[in-house]
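K.L.:
Shown below is the structure under consideration.
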Amino acid sequence: MSGDQLHNDSQIEADFRANDSHKHKDKHKDREHRHKEHKKDKEKDREKSKHSNSEHKDSSEKKHKDKEKTKHKDGSSEKHKDKHKDKDKEKRKEEKMKSSSGDIKIKKEKENGFSSPPRIKDEPDDDGFYTSPKEDSKPLKRPREDDEWEEERYPEGIKWKFLEHKGPVFAPPYEPLPENVKFYYDGKVMKLSTKAEEVATFFAKMLDHEYTTKEIFRKNFFKDWRKEMTSEEKSTITNLSKCDFTHMSQYFKAQSEARKQMSKEEKQKIKEENERLLKEYGYCVMDNHKERIANFKIEPPGLFRGRGNHPKMGMLKRRIMPEDIIINCSKDSKIPAPPPGHKWKEVRHDNKVTWLVSWTENIQGSIKYIMLNPSSRIKGEKDWQKYETARRLKKCVDKIRNQYREDWKSKEMKVRQRAVALYFIDKLALRAGNEKEEGETADTVGCCSLRVEHIKLHPELDGQEYVVEFDFLGKDSIRYYNKVPVEKRVFKNLQLFMENKQPEDDLFDRLNTSILNKHLQDLMEGLTAKVFRTYNASITLQQQLKELTNPDDNIPAKILSYNRANRAVAILCNHQRAPPKTFEKSMMNLQSKIDAKKEQLADARRELKSAKADAKVRRDEKSKKTVESKKKAVQRIEEQLMKLEVQATDREENKQIALGTSKLNYLDPRISVAWCKKWGIPIEKIYNKTQREKFAWAIDMAEEDYEF
DNA sequence: ACTGAGACTTAGGTCTAGCGCC
DNA sequence: GGCGCTAGACCTAAGTCTCAGT
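The first sequence begins at 24 in the numbering used here and counts up one residue at a time.
Written out as structure tokens, the structure reads:
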């Protein structure tokens with residue numbers, strides 16, 4: 024049955040429309056008016072996103088090559104792999120021991136994150152208690168042969184057996200302003216109560232930001248501020264526009280200036296204090312490992328600034344007190360003490376979760392957590408698992424693609440919508456798109472929540488047929504703008520889905536993320552919409568690296584290729600950033616450096632030439648040597664110039680693209696590690712220290728022939 | 001099937017230490 | 001030794017997905 028024929032399948036369609044109208048009517052009550060704002064906003068919003076699309080060439084071609092070798096090498100849970108690995112590791116370790124002539128070298132290697140610490144830790148002291156956080160940056164321990172995997176050790180859902188920590192660090196208490204810093208209302212000095220003053224300072228600190236001029240921000244702020252005022256203040260201060268915070272603002276600017284001017288000693292003192300805090304509160308013990316905590320400091324009070332056009336911007340984020348805090352730790356641990364004179368809201372011992380501390384935030388009423396650093400075992404293992412799931416998808420993605428292509432022809436509207444949505448998620452790496460509560464957050468969408476107004480259909484555009492133009496705000500109100508040629512069937516289906524709908528109606532009115540994910544679950548265990556993003560990102564990196572790496576290139580040029588591969592992924596995932604404020608300037612600087620270098624090169628060449636001429640006449644050793652050294656100089660400068668030029672290209676191409684997010688969250692680190700090993704690129708060129716800590720498991724695990 | 005709470009990952013913006021340059 | 005810049009640390013908002021309750 025063709026798409027066109029289906030169009031006449033009146034029964035189904037009638038059913039679909041009838042159903043539809045009541046459904047989206049109440050769902051989109053006041054969307055119409057929001058829609059207008061959205062449009063306005065959208066126009067203002069950064070004109071980002073070019074977006075070229077990479078098709079799926081990948082997968083099947085590799086299928087066969089993958090086979091045996093990879094299978095037992097990385098096939099996730101198979102035990103024999105571990106023996107394998109352990110042997111390799113043993114070998115490496117031996118080499119290291121032999122070659123490392125002193126402490127310096129050992130230390131260096133540790134920092135690289137490349138090697139296991141030189142002490143023999145795989146075997147006897149595996150269960151030992153770690154004291155140095157440096158030493159245990161190995162979240163995924165390859166077990167001894169008779170050892171068990173962590174997941175096996177812990178029955179389903181159990182995340183730890185022992186957990187001890189010191190509790191959170193609270194925000195410093197409010198320090199009232201000095202007497203000479205004034206607040207004016209309606210032109211007259213006014214002394215504020217401490218509570219009102221504190222909230223006023225939040226606003227004063229933001230005065231330079233554009234959003235203090237925004238209507239919603241001001242309205243929300245003023246409403247919440249008034250709640251903190253005494254009744255006298257409340258009756259006096261009735262109009263935000265009559266409030267003058269400029270003196271306060273100047274005071275804070277002076278303060279931060281003074282902070283910059285602090286002496287070395289003072290700065291050192293602050294640094295030491297921070298280190299002390301980190302040492303005391305920044306670590307916990309989870310099952311015999313000392314682990315770094317990610318965010319042990321409680322978020323200080325302030326004014327909420329959501330991203331994009333957020334309806335709650337400007338609201339007061341209240342101060343979190345010990346009485347708000349739930350502590351999670353094990354029963355047999357030393358339970359953290361609340362600050363003197365306070366108590367915790369609750370102390371619980373839930374080892375089915377990974378968080379140490381939680382509280383409920385007052386803006387959205389959601390729960391916030393203190394959890395472990397990405398370098399921790401528990402996060403690393405989860406991360407690894409994520410990529411293993413994506414690799415499992417690789418094995419069945421062809422089947423799934425064939426299936427959804429079939430489903431475009433289904434008699435059931437629900438199935439068709441699901442199939443088209445899945446096609447977008449797969450091809451364009453869109454996010455799932457959960458429904459959001461209206462009026463609670465900025466109006467953003469993902470795949471399942473796309474509305475008719477977010478796409479335009481062009482039967483023909485710029486010489487291409489069946490083009491879909493996407494224009495919507497996604498996560499963090501980042502604009503997604505893309506024109507994509509699609510299969511005729513998809514196009515026809517979209518026309519069908521859009522029939523008789525208003526712009527503010529859901530495009531996929533019969534679909535939501537729960538339906539979609541349930542279906543995906545049936546196709547593959549553990550499959551959800553976001554796995555496609557991970558899979559497509561990683562496979563794109565692998566494929567791009569293969570394509571772009573030129574074996575004859577030097578290291579900087581290879582790194583440029585890596586960054587380009589990374590960039591292809593960032594573009595696919597629509598990871599954008601605001602161009603850095605100093606972008607133009609720094610580009611100019613770089614260009615002048617390049618120009619200078621070019622001149623230097625010209626000079627060096629001239630010198631070489633004359634030296635050659637000289638040598639020809641004189642024919643003595645000394646002048647020959649001069650020629651040699653001049654030659655070297657030219658070469659060196661050429662290299663420097665090339666490095667600069669590469670840097671300029673890289674930076675220019677990166678203007679609006681953020682590489683970090685994909686590197687950190689979507690790219691299987693083993694691909695990068697393998698690439699580094701294959702081409703002899705030091706891993707530090709690709710991953711900085713933090714990243715090496717986070718990906719320690721991969722650095723340890725992947726060999727040069729690793730295939731995603 | 002639907003809902004909301006809860007847990008956890010993903011995300012871009014901002015701040016600042018420390019590096020390279022003069 | 002001081003200065004300007006940038007990488008990377010820090011921050012916390014905003015997603016995804018699961019699960020329990022109805």
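From the three backbone atoms N, C-alpha and C, an ideal C-beta is built for every residue, glycine too.
Excluding sequence positions up to five away, which residues of its chain have a Cβ less than 7 angstroms from the Cβ of Arg342?
P.N.:
As a first step, residue 342 must be located in the first sequence, where it is residue number 319. Here the set comprises Ala194, Pro324.
K.L.:
Taking only the alpha-carbon atoms, compute the straight-line gap between Trp183 and Ile348 and give it to the nearest angstrom.
P.N.:
Locating residue 183 in the first sequence gives position 160, where the first residue counts as 1. Locating residue 348 in the first sequence gives position 325, where the first residue counts as 1. Cα to Cα, the separation comes out at about 21 angstroms.
K.L.:
Looking only at its own chain, which residues have a Cβ that is under 7 angstroms from the Cβ of Glu303, when we skip the five neighbours before and after it?
P.N.:
Counting from one through the first sequence, the residue named residue 303 turns up at place 280. The residues are Lys189.
K.L.:
Can you name the residues that DSSP bridges to Val491?
P.N.:
By one-based count along the first sequence, residue 491 stands at place 468. Val491 is bridged to Leu480, Val507.
K.L.:
Please report the straight-line C-alpha distance between Arg328 and Glu384, rounded to a whole angstrom.
P.N.:
Locating residue 328 in the first sequence gives position 305, where the first residue counts as 1. Locating residue 384 in the first sequence gives position 361, where the first residue counts as 1. The straight-line gap from Cα to Cα measures roughly 14 angstroms.
K.L.:
List the whole-angstrom C-beta distance separating Ile680 from Ser695, where the pair is believed to meet the contact cut-off of C-beta under 8 angstroms.
P.N.:
As a working note, residue 680 is residue 657 in the first sequence. As a working note, residue 695 is residue 672 in the first sequence. Actually they are not in contact, since the Cβ atoms of Ile680 and Ser695 sit about 18 angstroms apart, beyond 8 angstroms.
K.L.:
Does the pairing of the region 485 to 502 with the region 466 to 476 give three or more beta-carbon distances under 8 angstroms?
P.N.:
Flag = yes, the region 485 to 502 and the region 466 to 476 touch.
K.L.:
For my contact list, Phe531 and Gln440 are in at a C-beta cut-off of 8 angstroms; report their separation, rounded to the angstrom.
P.N.:
Here the question's residue 531 lines up with position 508 in the first sequence. Here the question's residue 440 lines up with position 417 in the first sequence. At roughly 4 angstroms, the Cβ-Cβ gap stays under 8 angstroms, so Phe531 and Gln440 are in contact.
K.L.:
With DSSP collapsed to three states, give me the class of Thr383.
P.N.:
The sequence position of residue 383 within the first sequence is 360, counting from 1. Three-state DSSP puts Thr383 in a strand.
K.L.:
Using only the alpha-carbon positions, how far apart do Phe520 and Lys678 sit?
P.N.:
Within the first sequence, numbered from 1, the residue matching residue 520 stands at position 497. Within the first sequence, numbered from 1, the residue matching residue 678 stands at position 655. One C-alpha to the other measures close to 37 angstroms.
K.L.:
Can the beta-carbon of Trp382 be found closer than 8 angstroms to that of Met394?
P.N.:
Position 359 of the first sequence, counted from the start, is the residue given in the question as residue 382. Position 371 of the first sequence, counted from the start, is the residue given in the question as residue 394. Contact flag unset, no.
K.L.:
Quick one: Cα of Glu651 to Cα of Lys620, how far?
P.N.:
For the purposes of this step, residue 651 is identified with residue 628 of the first sequence, where counting begins at 1. For the purposes of this step, residue 620 is identified with residue 597 of the first sequence, where counting begins at 1. Approximately 21 angstroms between the Cα atoms of the pair.
K.L.:
Check the DSSP bridge columns for Arg371 and list the partner residues they point to.
P.N.:
As a first step, residue 371 is located in the first sequence; it is residue number 348 there, counting from the start. According to DSSP, Arg371 bridges with Asn351.
K.L.:
Considering only residues of the same chain and omitting the five flanking positions on each side of Gly549, which have a CB-CB separation below 6 angstroms?
P.N.:
Numbered from its first residue, the first sequence carries residue 549 at position 526. Excluding sequence neighbours, Gly549 sits near Thr412.
K.L.:
Taking the alpha-carbon positions, what's the Asp529 to Ser398 distance?
P.N.:
Numbered from its first residue, the first sequence carries residue 529 at position 506. Numbered from its first residue, the first sequence carries residue 398 at position 375. Computed Cα separation, rounded: 41 angstroms.
K.L.:
Output yes or no for whether 8 angstroms exceeds the beta carbon distance between Ala719 and Cys596.
P.N.:
For this step, residue 719 is matched to residue 696 along the first sequence. For this step, residue 596 is matched to residue 573 along the first sequence. Their beta carbons are not under 8 angstroms apart, which means Ala719 does not touch Cys596 by this criterion.
K.L.:
With DSSP as the reference, please indicate the residues paired to Met213 in a beta bridge.
P.N.:
By one-based count along the first sequence, residue 213 stands at place 190. In the DSSP output, where bridge partners are listed per residue, Met213 has Phe206.
K.L.:
The beta strand (DSSP E) that contains Met309, what's its start and end?
P.N.:
On the first sequence, residue 309 is found 286 positions in, with the first residue counted as 1. Per DSSP, Met309 belongs to the beta strand (DSSP E) from 306 to 309.
K.L.:
Apply the 10 Å Cβ neighbour rule to Gly364 and answer buried if 16 or more other Cβ atoms are within range, or exposed otherwise.
P.N.:
Numbered from 1 along the first sequence, position 341 holds the residue referred to as residue 364. With fewer than 16 other Cβ atoms within 10 Å, it is exposed.
K.L.:
Taking the alpha carbon of Lys686 as the point to measure from, which residue in Leu667, Asp355, Leu564, Gly331 has its own alpha carbon closest?
P.N.:
As a working mapping, residue 686 is identified with position 663 in the first sequence. Checking every option, the nearest Cα to that of Lys686 belongs to Leu564.
K.L.:
Span of the beta strand (DSSP E) holding His312?
P.N.:
Taking the first residue of the first sequence as 1, we reach residue 312 at position 289. Note, His312: beta strand (DSSP E), 312 to 315.
K.L.:
Using the C-alpha atoms, what's the distance from Asp691 back to Glu726?
P.N.:
Against the first sequence, residue 726 aligns to sequence position 703. Against the first sequence, residue 691 aligns to sequence position 668. Cα to Cα, Glu726 sits roughly 13 angstroms from Asp691.
K.L.:
What does the Cβ neighbour count give for Ile181, buried or exposed, with the cut at 16 atoms within 10 Å?
P.N.:
Looking up residue 181 in the first sequence gives position 158. Classification for Ile181: exposed.
K.L.:
What do you get for Val513, buried or exposed, if any count of 16 or more other CB atoms within 10 angstroms of its CB means buried?
P.N.:
What you label residue 513 is simply residue 490 of the first sequence in a count that begins at 1. Its Cβ being crowded by 16 or more others within 10 Å, Val513 is buried.
K.L.:
Would Ser646 and Ala627 qualify as a contact pair, given that the criterion is a beta-carbon distance under 8 angstroms?
P.N.:
Start at 1 with the first residue of the first sequence, and residue 646 comes out as number 623. Start at 1 with the first residue of the first sequence, and residue 627 comes out as number 604. The answer is no: Cβ separation not under 8 angstroms.
K.L.:
Return the CA-CA distance between Phe225 and Glu661, expressed in angstroms with no decimal places.
P.N.:
Translated into positions along the first sequence, residue 225 becomes position 202. Translated into positions along the first sequence, residue 661 becomes position 638. Distance between the alpha carbons of Phe225 and Glu661 is about 53 angstroms.
K.L.:
Is Ile260 helix, strand or coil by DSSP?
P.N.:
Reading the first sequence from its first residue, position 237 is the one you call residue 260. In this structure, Ile260 counts as coil in the three-state DSSP scheme.
K.L.:
So, Ala187 versus Ser353, is the Cβ gap smaller than 8 angstroms?
P.N.:
Locating residue 187 in the first sequence gives position 164, counting from the first residue. Locating residue 353 in the first sequence gives position 330, counting from the first residue. Residue identity differs from the one stated: residue 187 is Glu in this sequence, not Ala. Yes, they are a contact pair.
K.L.:
If you run the structure through DSSP and keep just helix, strand and coil, what is Ile594?
P.N.:
Within the first sequence, residue 594 is the residue found at index 571, counting from 1. In this structure, Ile594 counts as helix in the three-state DSSP scheme.
K.L.:
For a quick check, are the C-beta atoms of Val592 and Ala560 less than 8 angstroms apart?
P.N.:
Against the first sequence, residue 592 aligns to sequence position 569. Against the first sequence, residue 560 aligns to sequence position 537. Yes; because the gap between Cβ atoms is below 8 angstroms, this pair is in contact.
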